[in-house]
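Visitor: I have a structure I would like to understand better, so I am pasting it below and will then ask my questions one at a time.
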Amino acid sequence: MTAPLLELQDVAVTYGNGVRAVDGVSLRLARGETLAVVGESGCGKSSLGKLAMRLVDPGAGRILFDGRDITGLGRAALRPLRRRFQMIFQDPFASLNPRMTVRTTLETQLAAQGIGTRGERAVKVAAAAARVGLDAAALERYPHEFSGGQRQRIGIARALILEPELVVCDEPVSALDVSIRAQILNLLMDLQAERGLAYLFISHDMGVVEHIADRVAVMYLGRLVEEAPAARLFAAPAHPYTRALLAAVPQPDPRRRLAVEELASGDVPSPLAPPPGCHYHPRCRFATALCAASRPALAPAPGGGIVACHHADAIAAIPSHPVAPPVHAG
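Per this note's numbering, the very first residue in the sequence shown carries number 1; after that it's consecutive.
Put into structure tokens, the structure is as follows:
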């Protein structure tokens with residue numbers, strides 16, 4: 001079996017305030033694949049993305065990139081590898097230097113890796129901008145002179161100019177309106193088809209995820225609770241939290257909505273003091289005494305994938321409904 005491009009092995013992240021943002025998560029991502037990581041705010045998905053990029057260090061576990069253990073590599077050893085994995089950030093304004101023109105922003109990426117002469121870098125910058133739909137005049141402008149969608153195109157160009165194999169997309173369209181969101185999603189999918197990119201796609205929008213993902217990993221309070229091929233997960237979610245995420249998606253046709261009782265009850269518990277056993281049990285309508293007493297292990301799920309739920313077989317058998325896909329541009 002070919003080694004995955006990215007592999008996270010039982011990784012954990014604990015911040016200084018005692019919050020265990022990532023709690024023993026293992027994932028594999030193949031070349032050319034899109035793995036979406038979903039969950040509510042505070043579930044640990046962005047921390048997982050930063051961990052994959054080595055922007056934060058794991059407190060436990062290992063990170064393997066193309067079969068190489070990069071967990072303990074220092075800044076100097078990571079530098080030549082960083083051109084192979086890049087990141088698109090959620091906020092297309094805060095992630096750009098306001099004092100740099102687009103040209104400088106893109107050329108700095110190349111210069112930091114020692115790529116090409118000044119003339120060769122100028123050619124690469126122009127080509128990268130054109131590929132994401134920015135004209136030559138845009139190269140001399142500053143971030144504040146662009147709309148949100150245009151700024152995100154700059155962020156995509158910055159991530160791709162080094163020709164990486166893996167791109168971590170951290171909520172790349174959540175700050176954009178619907179029509180611009182569709183354009184950016186289509187651009188990402190086109191670029192993936194052209195270059196064979198692997199995407200670790202972090203999102204809370206299940207409609208977007210159904211549109212773009214090959215597989216989906218669901219996180220709750222730092223733990224992985226379900227992971228499966230996207231088609232199976234949307235057709236027959238095996239974890240009650242996954243069902244709650246799907247039930248919360250607005251549907252234009254009321255007959256296609258999941259029952260209101262599928263929604264999670266109450267608020268997300270404090271990550272400083274998560275519940276014992278299954279973290280989700282205080283909000284779960286299927287919870288029993290076993291759920292409060294014992295943490296469910298990840299196990300094969302009905303129909304494929306894995307799930308951490310004591311009652312997964314019964315839950316997966318309950319009919320589900322597809323999520324309406326996002327509007328997309330042609």
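We put the CB at the ideal spot given by N, CA and C, even for glycine.
#1: Going straight from the alpha carbon of Asp91 to that of His211, what length do you get?
#2: With the cut-off set at 8 Å, would you say Val37 and Lys45 are in Cβ contact?
#3: Note down, in chain order, each residue of its chain lying with its Cβ closer than 8 Å to the Cβ of Pro325, except the 5 sequence neighbours on either side.
#4: At which residues does the beta strand (DSSP E) containing Gly61 begin and terminate?
#5: Examine the Cβ distances between the segment 169 to 189 and the segment 8 to 22 and report whether three or more of them are shorter than 8 Å.
#6: Which one of Met219, Gln183 and His310 has the shortest CA to CA distance from Gln150?
#7: Taking the C-alpha atoms as reference points, what is the distance between Thr288 and Ala235?
#8: Give the list of continuous alpha helix (DSSP H) stretches no shorter than 4 residues that lie fully inside the segment 149 to 216.
#9: Taking the C-alpha atoms as reference points, what is the distance between Leu106 and Arg68?
#10: Grab the span of the beta strand (DSSP E) containing Leu96 for me, first residue to last.
#11: For the candidate residues Met219, Ile156 and Asn186, whose alpha-carbon lies nearest to that of Leu96?
#12: Alpha carbon to alpha carbon, what distance is there between Leu110 and Glu120?
#13: Let me know the secondary structure DSSP gives Thr104 once reduced to three states.
#14: What's the call for Val123, buried or exposed, on a 16-neighbour Cβ count within 10 Å?
#15: Ignore the nearest five residues each way along the sequence and tell me which others in Gly116's own chain have a CB closer than 7 Å to its CB.
#16: Could you tell me the boundaries of the alpha helix (DSSP H) in which Leu263 lies?
#17: Alpha carbon to alpha carbon, how far is Leu188 from Arg223?
#18: Measuring alpha carbon to alpha carbon, tell me which of Ser294, Arg295 and Arg285 ends up nearest Ala314.
#19: Starting from Gly119, trace the alpha helix (DSSP H) in both directions and tell me its first and last residue.
#20: So, at 8 Å on beta carbons, what are the nonlocal neighbours of Leu272 in its own chain, with the 5 sequence-adjacent residues on each side left out?
#21: Cα-Cα, which of Arg131, Leu73 and Glu33 is closest to Val168?
#22: Taking the alpha-carbon positions, what's the Leu221 to Asp135 distance?
#23: Reducing DSSP to helix, strand and coil, say where Pro298 ends up.
#24: Below 6 Å CB to CB, which residues in the same chain sit around Lys50 once its five sequence neighbours on both sides are set aside?
#25: When DSSP labels each residue in this structure, what does Ala228 get in the three-state scheme?
#26: Taking the alpha-carbon positions, what's the Arg283 to Gly266 distance?
#27: Excluding sequence positions up to five away, which residues of its chain have a Cβ less than 6 Å from the Cβ of Arg84?
#28: Buried or exposed: Leu290, going by 16 or more other Cβ atoms within 10 Å of its Cβ?
#29: Just to confirm, is the Cβ distance from Ala238 to Leu263 under 8 Å?
#30: Give me whichever residues DSSP pairs with Gln86 in a beta bridge.
#31: Closest to Arg31 by CA distance: which of Ala198, Ala60, Arg215 and Gly133 is it?
#32: Should Pro296 be labelled buried (16 or more other beta-carbon atoms within 10 Å of its own) or exposed?
Guide: From the atom records:
#1: Position 91 of the sequence shown holds residue 91. Position 211 of the sequence shown holds residue 211. Rounded to whole angstroms, Asp91 and His211 show a C-alpha spacing of 21 Å.
#2: Indexing the sequence shown from 1 puts residue 37 at position 37. Indexing the sequence shown from 1 puts residue 45 at position 45. Their beta carbons are under 8 Å apart, which means Val37 touches Lys45 by this criterion.
#3: Taking the sequence shown and counting its residues from 1, one reaches residue 325 at position 325. Low confidence applies to Pro325: its pLDDT is 48, below 50, so where it sits in the model is not reliable, and the reading given next is rough at best. If we look at Pro325 and ignore the five residues flanking it on each side, its Cβ neighbours are Gly207, Glu210 and His211.
#4: In the sequence shown, the residue the question calls residue 61 occupies position 61. Residues Ala60 to Phe65.
#5: Using a Cβ-Cβ distance cut-off of 8 Å, the segment 169 to 189 and the segment 8 to 22 are not in contact, since fewer than three pairs of beta carbons, one from each stretch, lie closer than that value.
#6: For the purposes of this step, residue 150 is taken as residue 150 along the sequence shown, with counting starting at 1. The shortest C-alpha separation from Gln150 is found at Gln183.
#7: Indexing the sequence shown from 1 puts residue 288 at position 288. Indexing the sequence shown from 1 puts residue 235 at position 235. Cα to Cα, the separation comes out at about 25 Å.
#8: Runs of the alpha helix (DSSP H) inside the segment 149 to 216: 178 to 195 and 206 to 212.
#9: As a position in the sequence shown, residue 106 is number 106, starting the count at 1. As a position in the sequence shown, residue 68 is number 68, starting the count at 1. Distance between the alpha carbons of Leu106 and Arg68: 28 Å.
#10: Translated into the one-based positions of the sequence shown, residue 96 becomes position 96. Where Leu96 is concerned, there is no enclosing beta strand (DSSP E), given that its DSSP letter is neither H nor E.
#11: By one-based count along the sequence shown, residue 96 stands at place 96. Looking at the Cα atoms, Ile156 is the closest of the given residues.
#12: In the sequence shown, counting from the first residue as 1, residue 120 sits at position 120. In the sequence shown, counting from the first residue as 1, residue 110 sits at position 110. Answer to the nearest angstrom: the Cα atoms are 10 Å apart.
#13: Against the sequence shown, residue 104 aligns to sequence position 104. DSSP places Thr104 in helix when its eight states are reduced to three.
#14: As a working note, residue 123 is residue 123 in the sequence shown. Answer is exposed; the Cβ neighbour count stays below 16.
#15: The residue given as residue 116 occupies position 116 in the sequence shown. Excluding the 5 residues flanking it on each side, Gly116 has same chain C-beta neighbours closer than 7 Å at Leu110 and Lys124, in chain order.
#16: By one-based count along the sequence shown, residue 263 stands at place 263. Note, Leu263: premise wrong, no alpha helix (DSSP H); not H, not E.
#17: Taking the first residue of the sequence shown as position 1, residue 188 is located at position 188. Taking the first residue of the sequence shown as position 1, residue 223 is located at position 223. Each residue's Cα considered, the two are about 28 Å apart.
#18: Here residue 314 is taken as the residue at index 314 of the sequence shown, counted from 1. Among Ser294, Arg295 and Arg285, the Cα nearest to that of Ala314 is on Arg285.
#19: Counting from one through the sequence shown, the residue named residue 119 turns up at place 119. Unbroken alpha helix (DSSP H) run through Gly119: Arg118 to Arg131.
#20: The residue you call residue 272 lines up with position 272 of the sequence shown. Taken in chain order, the residues that qualify are Asn17, Gly18 and Val19.
#21: For the purposes of this step, residue 168 is identified with residue 168 of the sequence shown, where counting begins at 1. The shortest C-alpha to C-alpha distance from Val168 to any of Arg131, Leu73 and Glu33 is the one to Glu33.
#22: Within the sequence shown, the letter at position 221 stands for residue 221. Within the sequence shown, the letter at position 135 stands for residue 135. Leu221 and Asp135: Cα-Cα distance of roughly 43 Å.
#23: Translated into positions along the sequence shown, residue 298 becomes position 298. For the record, residue 298 in the displayed sequence is Leu; it is not Pro. Three-state result, Leu298: coil.
#24: Residue mapping note: residue 50 aligns to position 50 of the sequence shown, counting from 1. Val56.
#25: In the sequence shown, counting from the first residue as 1, residue 228 sits at position 228. Note: Ala228 maps to strand in three-state DSSP.
#26: Mapped onto the sequence shown, residue 283 falls at position 283. Mapped onto the sequence shown, residue 266 falls at position 266. Arg283 and Gly266: Cα-Cα distance of roughly 6 Å.
#27: Translated into positions along the sequence shown, residue 84 becomes position 84. Once the five neighbours on either side are set aside, the close Cβ partners of Arg84 are Pro164 and Glu165.
#28: Position 290 of the sequence shown, counting from 1, holds the residue named residue 290. So Leu290 ends up on the exposed side.
#29: Locating residue 238 in the sequence shown gives position 238, counting from the first residue. Locating residue 263 in the sequence shown gives position 263, counting from the first residue. Their beta carbons are not under 8 Å apart, which means Ala238 does not touch Leu263 by this criterion.
#30: Here residue 86 is taken as the residue at index 86 of the sequence shown, counted from 1. DSSP lists Val167 as partners of Gln86.
#31: Taking the sequence shown and counting its residues from 1, the one referred to as residue 31 is at position 31. Arg31 has its Cα closest to that of Ala198, out of Ala198, Ala60, Arg215 and Gly133.
#32: Reading the sequence shown from its first residue, position 296 is the one you call residue 296. By the 10 Å Cβ count, Pro296 comes out buried.
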